[in-house]
Structures are given as structure tokens and as C-alpha cells.
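Shown next, in C-alpha cells, is the structure this report addresses.
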Amino acid sequence: MERTSAGFPREAVADRLLTASVRTSYDPLVDLDWSAPPVPGAYWLPPRRSSLYGTPLWDGMTEEQRVELTKHEVAGAASAGLWFETILMQMLIRHYYDADPTSRHAQYALTEVADECRHSIMFGRLIEAIGTPVYRADPVDHLLGRWLKATATGPQMYAAILIAEEILDSFQREIMADESLQPLIRMVSRIHVVEEARHVRFARDELGRQVEAAGPVALGYARLVIGRAAYSITRRLVNPRAYAAVGIAPAVGLAAARANPHWRATLRWSAQRIAEHLTGLGLIAGPGRLLWRRSGLIEG
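Below is the structure:
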């Protein structure tokens, strides 16, 4: 029986995740009230997690502008989530294409695709409900995403999945627990956290196997791809065009965010778990480590 690096049978892990999926899954079209109006004056994410928090630009904004900025930052993160979930689904389908369809592992991969289909609908409805633009990837990241979804296999595939899922998970766990925030974003976050916990377990489990099976050349290549994925995902968390919604030139807002020690600390906080995990597997090293530093996810 095939086992993971943690010693658990691969099929047993997938079987438990399939059972959990039956027990706790959501339909965003049924389980969310999309018609409920927003709560006046309530933020969309904790103010200290805004990319401009603590800067002179933040200090110069009215309270209404600060709330509005967090709304557009949430829309930017949801847009990034949509972008990456589309990539993720195609990577999983490629993985399934070569798998045994009678295995629980393959069946859970399909179950995760189904979850991500619902999440993509949920994020699209969220953007529609709050009345912001869809903040799409720039042409370079759009092209890189097309390349990643078509080619990524092995460690780089599962590590890229984990980077996106665990960074967003850090923000969403905090959002769902904060009763001062908008009810809609709290419930969206709760649904995503509950279902993504299964996806994280699946990806971590499989990543350990893939690292064990990979040779030194494959791991060296994977480290570089993983570093670039971390860089792209982080740069997409806040779209510079969001700043225009509160009267700040995108280039000015972007420069302020990148220089903002509060935002840089937030990025490191959001990536702490996944950075520690990937470091332990030897996947943050070599030239790829430079991309992790440039993304602001790690120090040194």
C-alpha cells in the first residue's frame, strides 16, 4: 500500500477527505444571502491588514475612504483567488487524467475540483455583490498562469497550490472571527476556510510524496518555479488599480504599500506556516529563495 512521507496510506487519507466532504460542504448559491445590504461603516477586512495601514496615505483618508479601500482590496484578493483556482482546477484535472479513476485519491482530486468550481462562483458573486471591478492579472502573470496550469507537475504543482491556499487562509481565518467586519465577507471566508482545510491536507500529503520521489535536478527546477509562483501570487493580493477607488494614483499607492513595514509584516505573517513547511522540505533554497525575499514573504 502506497504511503506518504508521514507514514499514512495515500488511499486512507483520500478516503477520510471524501467522507469529510460529504459531511461539510456548502453551496454558495443557497448558503449565502447575496441580497443583504452591506452594514454601513463596517470594514471588509481588519484595517491593520490593509496594504496602506500606517502610512501617511492612510492617515490622510477619511473613515469612508478607508472602508472603501478595504472593499476593493477584498475584491482584488477575490480576483486573485479566481485566477489561481482556475489554474489549480486545470492542474488537478491533468493529474486525474493519468490516475486510476477507481482510486480514492483520484476521486478526491475530482471532489476538490468540484469544491473549487463552487468557490469560483462564490468569489464571482462576491465581486458582483459589492460592486467593484474584477481586478484581472496583468499580461505577464496571465501568461505565466497559462504556462503553470499547462506544465506544472510534481512538487511545483502541489507547492504552488499550497502557497495560494495557505496565504489566503491566514487572512480568511482572521476575517471570519472578527464580528466587526461585514457579514458577507465573514461568511464567504468561513466557507472557504472549512473547505480549503481539506485541500491543504490533500496537497501537503501529496507534496511529501512528490518531494521524496523527485531527483536533485527536478527539485532544483521545482524550487525556482515555486519561488516564481510565490512572487506572482503575492503581487496579485492587492491590485494597484484598487487605490484609484479612493483617489490615490495606482503607482503612488503601490509604492507606498511596498515600502510599508506594516504590510510587509502582514505578508510574512500570512506566509509563515507555508514558508516553514516548504523550508522543512528543502523547497525554499537556491535562486528561488531570492524570489521569496523579493515577494516580501520571508526575511533574509
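Position in the sequence shown (from 1) plus 2 gives the number in our numbering. Even for Gly, the Cβ is constructed at its ideal location relative to N, Cα and C.
- For the beta strand (DSSP E) assignment, the stretch 88-131 encloses no uninterrupted run of at least 3 residues.
- A straight line joining the alpha-carbon of residue 81 with that of residue 102 spans about 33 Å.
- Inter-residue distance for residue 131 and residue 37 is about 8 Å (C-alpha atoms, whole angstroms).
- A direct Cα-to-Cα measurement between residue 281 and residue 229 gives close to 12 Å.
- Contact holds between the stretch 146-160 and the stretch 83-91, because three or more Cβ pairs, one in each stretch, are under 8 Å apart.
- By alpha-carbon distance to residue 106, the top candidate from 234, 23, 251 is 23.
- DSSP places residue 181 outside any alpha helix (DSSP H), giving it a letter other than H or E.
- In the structure shown, residue 42 falls within a coil segment according to DSSP collapsed to helix, strand and coil.
- The DSSP-derived three-state label of residue 265 is helix.
- Spatial neighbours of residue 232 in its own chain (CB-CB distance under 7 Å, excluding positions within 5 residues in sequence) are listed in chain order as 165, 293, 294, 297, 299.
- Between the stretch 125-140 and the stretch 204-214, the count of C-beta pairs closer than 8 Å stays below three; the two stretches do not touch.
- In the three-state reduction of the DSSP assignment, residue 159 falls in the helix class.
- Residues 191, 195 of the same chain have their beta carbon placed closer than 8 Å to that of residue 175, with the five preceding and five following residues left out of the count.
- Three or more Cβ pairs drawn from the stretch 259-277 and the stretch 50-70 lie within less than 8 Å of each other, which places the two stretches in contact.
- Residue environment for residue 74: buried (at least 16 other C-beta atoms within 10 angstroms of its C-beta).
- For residue 226, the enclosing alpha helix (DSSP H) begins and ends at 218-237.
- In this structure, residue 272 sits away from residue 193, with a CB-CB distance that is not shorter than 8 Å.
- Annotation: residue 93 to residue 242 spans about 28 Å, alpha carbon to alpha carbon.
- In the three-state DSSP reduction, residue 62 falls in the coil class, being neither helix nor strand.
- Shown here, residue 272 sits in a helix according to DSSP, grouped into three states.
- Contact between residue 156 and residue 225 does not hold, since the beta-carbon distance rounds to 12 Å and is not under 8 Å.
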